[in-house]
Amino acid sequence: MIIPGIVISLITFPGVIVHELAHQIFCMLCGLKVYEIKYFQMNNPNGYVIHESTDRPFKVFLTCMGPFFINSVLGMVILLPASIDLVVFQEYNNPLTLLLGWLGFSILMHAFPSRGDAKVIINRILKNPDVSLVWKIIAAPFVAIIYACSVGSIFWLDLLYAAVLAMLIPWALVQIL
Amino acid sequence: MDDQSRRHSLGPGFETMDLKQNKRIPLPIFLFLLASLLLAGISMGMFPETFSDYKIFREAEKRTRTGETSAALQDLYEVLQEHPDSLPVTLKLIELSMDTGCYDLAAHVFNEYLIGKSLSDGQYARMMRYSRRLESYYRTCDALEELAAELEAEADESEEKKLGRLRDELEKLHEDEKQDQALLYYYEGITASDPEEYYGCLQKTYAEDPELFNVRVLLGNEERNRGNLTKARELLEAALAKEGRDEEALEGLAALEALEEDTQ
Numbered sequence: 276m277i278i279p280g281i282v283i284s285l286i287t288f289p290g291v292i293v294h295e296l297a298h299q300i301f302c303m304l305c306g307l308k309v310y311e312i313k314y315f316q317m318n319n320p321n322g323y324v325i326h327e328s329t330d331r332p333f334k335v336f337l338t339c340m341g342p343f344f345i346n347s348v349l350g351m352v353i354l355l356p357a358s359i360d361l362v363v364f365q366e367y368n369n370p371l372t373l374l375l376g377w378l379g380f381s382i383l384m385h386a387f388p389s390r391g392d393a394k395v396i397i398n399r400i401l402k403n404p405d406v407s408l409v410w411k412i413i414a415a416p417f418v419a420i421i422y423a424c425s426v427g428s429i430f431w432l433d434l435l436y437a438a439v440l441a442m443l444i445p446w447a448l449v450q451i452l
Numbered sequence: 375m376d377d378q379s380r381r382h383s384l385g386p387g388f389e390t391m392d393l394k395q396n397k398r399i400p401l402p403i404f405l406f407l408l409a410s411l412l413l414a415g416i417s418m419g420m421f422p423e424t425f426s427d428y429k430i431f432r433e434a435e436k437r438t439r440t441g442e443t444s445a446a447l448q449d450l451y452e453v454l455q456e457h458p459d460s461l462p463v464t465l466k467l468i469e470l471s472m473d474t475g476c477y478d479l480a481a482h483v484f485n486e487y488l489i490g491k492s493l494s495d496g497q498y499a500r501m502m503r504y505s506r507r508l509e510s511y512y513r514t515c516d517a518l519e520e521l522a523a524e525l526e527a528e529a530d531e532s533e534e535k536k537l538g539r540l541r542d543e544l545e546k547l548h549e550d551e552k553q554d555q556a557l558l559y560y561y562e563g564i565t566a567s568d569p570e571e572y573y574g575c576l577q578k579t580y581a582e583d584p585e586l587f588n589v590r591v592l593l594g595n596e597e598r599n600r601g602n603l604t605k606a607r608e609l610l611e612a613a614l615a616k617e618g619r620d621e622e623a624l625e626g627l628a629a630l631e632a633l634e635e636d637t638q
C-alpha cells in the first residue's frame, strides 16, 4: 500500500523531531555550531539541520549517524513494554500503552540517516584525501546501508526495522534468562 | 575557508547569512525531549512486570511438558487476570488446559474471558472443537452426579446392589454418543470388582483420553503389577513429565524401581 510520505511523516512527527534533535545534540557534543534547524515542516525534507562543517572523520561520522543511535535506543526503550502489550497480548485499550507505542514506533521509524547525511560522509570522509584509509573502510559500508535503507523505506523497511527492534529485547531476554 | 565550505548546507535556498549564530534548543523542543525521557523512564518502570507476564506466556507450553503443568497454568491464569482483554493469552490458556485435561479451568476461561472476543475462522473452529468436548464432559459429569444422588437417596438398598445399578446405568450411558466415553470407562474401571475388567477399562480410558484425571498413574501401577515393567515405567515417567510433583506417580515409580532391583 502506497501512502504519501508526508502523511507518514505527519503521523510520526515525534520521530522527525528526535532525529533533528539528535543531529543538533551531536553537533553540540562535537563543538560544531548549528546555524539553522527545522525540527519539523510539511515540506521535503521534513526537517533539516545546517551546521558548521568539519574535516575530522570521527565528528563527521557522529553527527551523521547520531540520529540512528539516539532514535534506535530511545525508541526501543519507550516501546519495550508497549510492544509486548500491543504485539504479543494484542491489548489496545490502555491509553498509556497506545501513547508509548505511537511515540516509540514514530521515533524508531525515523532512525535511518538521510541521503543528505550519506552525501556528507561521502564528501567529508570518502572523497577527502586527508582522511585515512581506515576511516574510509569503516564509513563506506554505512553509506551503502544508508542508501539501501532509503530505497527500502519505500517498501516499509523503516516500519519493519521498528517492529523488529520492538520485539528484539523481550525475545532475547527470554532466551537468556 | 569560504562561507560555503564552512557549513554543511542543503544547497541553494538553504544558505544562511548568520554564521556567528549557534542555535540552541528552543524551550518547546526541550520540553518535548524531557517528556520523551520521562516516558522512557515510565516505560522502564513498567517493563519488569510486563516482561514477566511475557516470559510466563512464552514458556507456558514448555513448562507443561517439563513437569510444571499446575504451576504453568496457574501463572498463565494470573497473567490473564492482568490482561483480561488479551485474546492470545485467553486462547493459549484454554488450549493448554484442554491439552492437559484441566477441563474445569478451560471451561472457566471459556465462560469468563472468551465471551465477546472476535475470533478468526481457524480460532473459531478450534474453540468450537474444545466447546463440544467440554459439553460432552460436563453432560457426563451431570449424569453421573444425578446418578450418584439417586443411589444415595436409596437408603434401603445394599452397597452391592447400588454398585450393580451404577454399573448398569454406566453401560446404558455408553450408548449415548454425546456422553464422554473416557469418563464413563474411568468410573466403570474404578468401580469394577474384577481385576481384568478394571485393567480393560483403564486401557480404554487411556485410549480415549490419556490426560483424564490420574489414568496414566493407575494404568502404570497396573502394568507394574502385571509385570509389564517397561510399559509401567513409560506411563509413570510420562505422568511425572506432566507434573513433577505428582505424589501418586512418584510412589508408583519408587515401587517400580524397588521391583526392578528385586528382579535383577
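First to last, the protein sequences are chains P and G. Per the working numbering: the first sequence = residues 276 to 452. Per the working numbering: the second sequence = residues 375 to 638. Positions of the beta carbon are idealized from the N, C-alpha and C atoms, including for glycine. Values in this document were obtained by computation on a predicted structure and should not be read as measured data.
Given that P:K308 touches chain G, what residues does it touch there, using C-beta distances under 7 Å?
N396
Near G:L521, which residues of its chain fall below 6 Å by C-beta distance, leaving aside the five closest residues on each side in sequence?
Scanning its chain for C-beta atoms nearer than 6 Å, with the 5 sequence neighbours on each side dropped, one finds around G:L521 the residues E543, in chain order.
Thinking C-alpha only, which one of P:S284, P:I345, P:R331, P:G290 is nearest P:I300?
Of the candidates P:S284, P:I345, P:R331, P:G290, the one whose C-alpha sits nearest the C-alpha of P:I300 is P:I345.
Complete alpha helix (DSSP H) runs within the segment 459–524 of chain G (minimum length 4 residues, chain order)
461–473, 477–483
Spatially closest choice to G:R506 from G:Q553, G:E534, G:S494, G:K466, by CA coordinates:
G:Q553
Between the Cα of G:F587 and those of G:L461, G:I489, G:A517, G:A556, spot the shortest distance and give me the residue it belongs to.
G:A556
P:V409, enclosing alpha helix (DSSP H) - first and last residue
408–427
State the start and end residues of the unbroken alpha helix (DSSP H) segment that holds G:E456.
443–456
Around the Cβ of P:K334, are there at least 16 other Cβ atoms within 10 angstroms (buried) or fewer (exposed)?
buried
Inspect the beta-carbon positions of G:G626 and G:G574 and report whether they are closer than 7 Å.
no
Name the one or two DSSP bridge partners that P:K313 has.
P:Y323
Minimum C-alpha distance to G:Y395 - residue among P:F430, P:I283, P:E366, P:L307:
Going by the sequence as given, residue 395 of chain G is Gln instead of Tyr. That would be P:L307, whose Cα lies nearest to the Cα of G:Q395.
Who are the near neighbours of P:E311 in its chain, counting only those whose CB is closer than 7 Å to its CB and skipping five residues on each side?
I325
Any Cβ of chain P within less than 7 Å of the Cβ of G:F587?
no
Is the Cβ of P:Q365 closer than 7 Å to any Cβ of chain G?
yes
Quick check: is the beta carbon of P:I420 nearer than 7 Å to any beta carbon in chain G?
no
CB contact check: P:N369 to chain G, cutoff 7 Å
The beta-carbon of P:N369 is placed no less than 7 Å from the nearest beta-carbon of chain G.
If we ignore side chains and look at the alpha-carbon of each, how far apart do G:Y498 and G:L609 end up?
33 Å
Beta-carbon of G:M501 versus every beta-carbon of chain P: anything under 7 Å?
no
Around the Cβ of P:H294, are there at least 16 other Cβ atoms within 10 angstroms (buried) or fewer (exposed)?
buried
Going by beta-carbon coordinates alone, are P:A437 and P:F380 separated by less than 7 Å?
yes
Compare the beta carbon distance of G:L411 and G:T438 with 7 Å and say whether it is the shorter of the two.
no
Am I right that P:A441 and P:L354 are in contact with their C-beta atoms under 8 Å? What's the rounded C-beta distance?
5 Å
So which residues on chain G does P:I292 lean against when the C-beta distance must stay under 8 Å?
Scanning chain G for C-beta atoms nearer than 8 Å to the C-beta of P:I292 yields I403, F406, reported in chain order.
Can you tell me where the alpha helix (DSSP H) holding G:N595 begins and where it ends?
589–599
Could you spell out where the alpha helix (DSSP H) holding G:Y561 opens and where it closes?
555–564
Helix, strand or coil for G:E551 per DSSP?
coil
Where G:E585 falls: helix, strand or coil (DSSP):
In this structure, G:E585 counts as coil in the three-state DSSP scheme.
Quick check: what's the CA-CA separation for P:Y323 versus P:P279?
19 Å
Nearest to P:F315 by CA position, among G:L413, G:Y428, G:P402, is which residue?
G:P402
Other residues of its chain near P:I396: CB distance less than 6 Å, five sequence neighbours each side excluded:
C339, A414, V418
Chain P within 7 Å of G:S471, Cβ atoms only:
G:S471 does not count as touching chain P.
Can you tell me the Cβ-Cβ gap for G:L467 and G:L454, rounded? I've got them flagged as a contact below 8 Å.
6 Å
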